[in-house]
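Residue numbers (the UniProt record's numbering): 1 to 238.
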């Protein structure tokens with residue numbers, strides 16, 4: 001059942017390889033990087049072959065591809081980070097389902113990378129498959145971890161460079177977005193939409209509700225892929 005679901009989602013990823021690749025931070029348009037919530041404090045390069053090796057460690061993918069599982073022993077490079085916590089992402093995906101690695105101490109990052117790569121989830125593997133298919137390198141980015149508890153987050157749907165709708169993803173407890181909050185986030189979305197790298201895109205934006213002067217920032221971008229229900233009843237690819 002899990003293998004069937006993996007194969008189904010992987011086939012969708014294959015059809016949208018280019019759209020997925022554009023969502024990795026290093027491939028963002030320059031304007032999007034200017035509005036980014038955070039920039040990486042360190043980035044380790046991964047070739048398409050490196051990613052293939054990482055994905056061999058995912059059991060669902062290994063069974064589907066009929067491959068032997070190999071725990072990756074790459075990315076043993078030295079990284080230097082100044083204290084604080086970091087939020088790791090490989091390509092466009094994070095370890096959000098793995099609490100141990102979703103946010104880590106920068107002082108532990110270098111030692112934890114091999115275990116992180118061995119813990120790539122099936123969701124991550126499906127998305128990273130696009131880089132293997134496309135033969136495109138990516139990076140393991142370490143972003144500064146930012147507390148978004150006071151931030152309102154809005155997801156904007158973009159079609160052909162134009163905003164077609166928007167929905168609140170989260171709003172701080174006890175906060176009702178006023179005109180100022182909405183204006184800051186919508187005006188930023190309007191500025192970003194014409195530079196969309198894909199015909200169909202989702203922009204995740206946030207604004208700090210505790211600071212009336214803070215600008216809206218871009219958290220991440222996702223391909224807007226409509227997915228029919230999988231054998232497990234999933235209906236969302238992002």
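We put the CB at the ideal spot given by N, CA and C, even for glycine.
The model shown is predicted, which means the values in this text are computed figures rather than measured ones.
- Item | Backbone secondary structure at residue 17 - three-state DSSP | Within the chain shown, residue 17 is the residue found at index 17, counting from 1. Looking at residue 17 - three-state DSSP - the assignment turns out to be helix.
- Do residue 189 and residue 172 have their C-beta atoms within less than 8 angstroms of each other? As a first step, residue 189 must be located in the chain shown, where it is residue number 189. As a first step, residue 172 must be located in the chain shown, where it is residue number 172. Not a contact, by the Cβ cut-off of 8 angstroms.
- Query: Hey, would you say residue 46 sits closer than 8 angstroms to residue 137, going by beta carbons?
  - Reply: The count along the chain shown starts at 1 and reaches residue 46 at position 46. The count along the chain shown starts at 1 and reaches residue 137 at position 137. Cβ distance < 8 angstroms, so residue 46 and residue 137 count as in contact.
- Spatial distance of residue 166 from residue 157 (CA atoms): The sequence position of residue 166 within the chain shown is 166, counting from 1. The sequence position of residue 157 within the chain shown is 157, counting from 1. Their Cα atoms are separated by approximately 6 angstroms.
- Query: For residue 143, which residues of its own chain have a beta-carbon under 6 angstroms away from its beta-carbon, when the five flanking residues on both sides are left out?
  - Reply: Position 143 of the chain shown holds residue 143. So the list reads 38, 40, 87, once near-sequence residues are dropped.
- Message: Three Cβ pairs or more, each shorter than 8 angstroms: is that satisfied between the region 113-129 and the region 174-190?
- Response: no
- Query: Where does residue 26 fall in DSSP's three states?
  - Reply: Taking the first residue of the chain shown as 1, we reach residue 26 at position 26. Three-state DSSP puts residue 26 in a helix.
- Query: Can you find a heavy atom of the ligand SAM that lies under 7 angstroms from the Cβ of residue 109?
  - Reply: This structure does not include the ligand SAM; it has no bound ligands of any sort.
- Cα-Cα separation between residue 207 and residue 90, rounded to whole angstroms: Along the chain shown, read from residue 1 onward, the residue named residue 207 stands at position 207. Along the chain shown, read from residue 1 onward, the residue named residue 90 stands at position 90. Each residue's alpha carbon lies about 25 angstroms from the other.
- Task: Could you check if residue 108 is buried or exposed, using at least 16 other CB atoms within 10 Å of its CB as the buried criterion?
- Result: Sequence index remark: in the chain shown, residue 108 carries index 108 (1-based). Residue 108 comes out exposed.
- Query: Taking DSSP as the reference, what is the three-state secondary structure of residue 208?
  - Reply: Residue mapping note: residue 208 aligns to position 208 of the chain shown, counting from 1. Three-state result, residue 208: strand.
- Run of the alpha helix (DSSP H) containing residue 156, from where it starts to where it stops: Taking the first residue of the chain shown as 1, we reach residue 156 at position 156. Note, residue 156: premise wrong, no alpha helix (DSSP H); beta strand (DSSP E) at 151-159.
- Is residue 50 helix, strand or coil by DSSP? Counted from its first residue, the chain shown places residue 50 at position 50. The answer is helix: DSSP assigns residue 50 an H, G or I state.
- Proximity to residue 85 [Cα-Cα], best of 117, 147, 28, 97: Residue 85 sits at position 85 when you count from the first residue of the chain shown. The shortest Cα separation from residue 85 among 117, 147, 28, 97 belongs to 147.
- Over the uninterrupted alpha helix (DSSP H) stretch that includes residue 191, give me the two end residues. Against the chain shown, residue 191 aligns to sequence position 191. First-last of the alpha helix (DSSP H) with residue 191: 179-192.
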